[in-house]
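Here's the structure we're looking at; comments come further down.
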Amino acid sequence: MNQDIPGLARPAAGRRGRILVVDDQPANIVVAHQILRERHDVFMATNGEQALEFCRATPPDMLLLDVEMPGLNGMDVCRRLKQDPATHDIPVIFVTGLQNPQQELECWEAGAADFVSKPVTPITLLNRVNAHLTLKFQADQLRVLAYHDGLTGIANRRNFDERLDKAWRHCQRARSTLALILSDVDLFKKYNDSCGHHAGDECLRQVASAIQDQMRRPYDLAARYGGEEFVCLLPETTLAGAVTVAIKIDAAVRALHIQHPASSVDVCVTLSQGVAVIEPDAGEDGERLLRLADDQLYLAKRTGRGRVCAV
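Just so it is clear: in the sequence shown, position 147 is 1340 by our numbering, and no numbers are missing.
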């Protein structure tokens, strides 16, 4: 049993990894599966084309990759994975009988994370796999921290800025509209002053969750824009569609019934929202869309707060 092997490294937090074993010899796949199955979820492919298709559809946490295979060999597969941003960070361990230093150099240059020699020694394979999974899981966590707001858990400003740029270019190519909603918690400073900063933090968490719940498509994004401001990015959305989302956000936040004793708008926490929709032009960038939405947000505040204004 794997758990009885002394000196076995354990992946971070005991998390099971998703490992794709790629080898044109089924017997080698069976051996790897028997060694890893108690601690990890093991998948298999018998050629390079299958491996690439699997990685693009459902990226694994790691590849155990044979070097010598007919068609696309292991180094070809590794190079293609490293060239694709969606699969670049998947660690690749070559399982190989190669003894040639030049061939090893080519594997490193292709992007290998490590090597395991054939015939495979179980303790060596387990430790190499667990060590690289730990590094991979830690890197994943750092990416989550880098792109998500620490207080509310939704996307942060950095995440939004990058997504806005990508969405702008996508909608420009597709000749479709891009919508943006800027939301501001009404009179939030007064809420903090009357209810305390701990309550203020909890208020922002609940508002963020209510906004996030209205993002129904995988490519819609809700983010904390700064302080008590939130932003929603809605690619391929019309003005009517974006206003509908804003109205749903307004209703969801009001339904939280967060008491706001210092508000002149309502007895509970409310939002002012500005909505803007444009078809991106080649000579502009997302800053124009942000300015238009910010103008509408200012109008919503100036005309009484707790409302949606759109252009």
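Note that the Cβ used here is the ideal one computed from N, Cα and C, for glycine as well. These figures come from a predicted structure and were not determined experimentally.
Apply the 10 Å Cβ neighbour rule to residue i and answer buried if 16 or more other Cβ atoms are within range, or exposed otherwise.
| i | result |
| --- | --- |
| His1391 | exposed |
| Arg1495 | exposed |
| Thr1463 | buried |
| Ala1329 | The sequence given here has Lys at residue 1329, not Ala. Buried. |
| Trp1361 | buried |
| Pro1263 | exposed |
| Ala1455 | exposed |
| Gly1210 | buried |
| Ala1435 | buried |
| Leu1380 | buried |
| Ala1416 | buried |
| Gly1499 | buried |
| Ser1465 | buried |
| Pro1199 | The pLDDT assigned to Pro1199 is 47, lower than 50, so where the model puts this residue is not dependable; a value taken from the coordinates is nonetheless given after this. So Pro1199 ends up on the exposed side. |
| Glu1242 | exposed |
| Pro1284 | buried |
| Gln1218 | exposed |
| Asn1293 | exposed |
| Gln1227 | exposed |
| Thr1317 | exposed |
| Gly1497 | exposed |
| Glu1231 | exposed |
| Asp1394 | exposed |
| Val1223 | exposed |
| Val1337 | exposed |
| Gln1405 | buried |
CB residue i to CB residue j, shorter than 7 Å?
| i | j | result |
| --- | --- | --- |
| Thr1430 | Ala1367 | no |
| Val1424 | Leu1485 | no |
| Ala1445 | Ala1503 | no |
| Thr1280 | Pro1315 | no |
| Ile1286 | Ala1303 | no |
| Ala1433 | Thr1345 | no |
| Leu1414 | Ala1348 | yes |
| Gln1407 | Val1438 | yes |
| Leu1256 | Ala1225 | no |
| Leu1397 | Gly1479 | no |
| Ala1238 | Val1215 | yes |
| Asp1377 | Glu1422 | yes |
| Ala1493 | Leu1482 | no |
Which one or two residues does DSSP pair with residue i in a beta bridge?
| i | result |
| --- | --- |
| Asp1459 | DSSP, once it has assigned bridges, lists no residue as partnering Asp1459. |
| Ser1376 | Phe1423, Gln1466 |
| Val1235 | Ile1212 |
| Met1255 | Ile1212 |
| Pro1428 | Leu1371 |
| Ile1471 | Leu1371 |
| Ala1250 | Note: Ala1250 sits in no beta bridge, so no partner. |
| Pro1348 | Reading off the sequence, residue 1348 comes out as Ala, not Pro. Its beta-bridge partners are His1341, Ala1416. |
| Val1501 | Gln1466 |
| Gln1452 | Cys1461 |
Take residue i and list the residues in its own chain whose beta-carbon comes closer than 8 Å to its own, dropping the five residues that flank it on each side.
| i | result |
| --- | --- |
| Arg1351 | Ala1339, Tyr1340 |
| Tyr1491 | Gly1467 |
| Cys1461 | Arg1447, Leu1449, His1450, Ile1451, Gln1452, His1453 |
| Val1309 | Leu1257, Ile1286, Phe1287, Val1288, Thr1289, Thr1317, Leu1318, Arg1321 |
| Tyr1418 | Arg1350, Phe1353, Leu1375, Val1424 |
| Met1268 | Val1260, Glu1299, Cys1300, Ala1303 |
Tell me which residues share the same chain as residue i and place their Cβ nearer than 6 Å to its Cβ, disregarding the 5 neighbours each side in the sequence.
| i | result |
| --- | --- |
| Glu1472 | Thr1370 |
| Tyr1412 | Pro1428 |
| Lys1382 | none |
| Gln1196 | Bear in mind that a pLDDT of 43 at Gln1196, under 50, signals an unreliable position, so the model cannot answer this. |
| His1233 | Arg1209, Gly1210, Ile1212 |
| Met1194 | Residue placement at Met1194 cannot be trusted, given a pLDDT of 41 that sits under 50; the coordinates are not used to answer. |
| Ala1244 | Val1215, Ala1238, Val1270 |
Looking only at its chain, what residues have a beta carbon closer than 7 Å to the beta carbon of residue i, apart from the 5 residues adjacent to it on each side?
| i | result |
| --- | --- |
| Leu1291 | Val1260, Glu1297 |
Output yes if chain B places a C-beta closer than 7 Å to the C-beta of residue i; else output no.
| i | result |
| --- | --- |
| Ala1403 | Here chain B cannot be found, since the structure has a single protein chain. |
Any chance you could list the alpha helix (DSSP H) runs of at least 4 consecutive residues sitting entirely within the stretch 1388-1416, in chain order? Scanning the stretch 1388-1416 from its first residue to its last, the whole alpha helix (DSSP H) runs of 4-plus residues come out as 1390-1405.
Inside the stretch 1278-1326 only - alpha helix (DSSP H) runs reaching at least 4 residues: Runs of the alpha helix (DSSP H) inside the stretch 1278-1326: 1294-1303.
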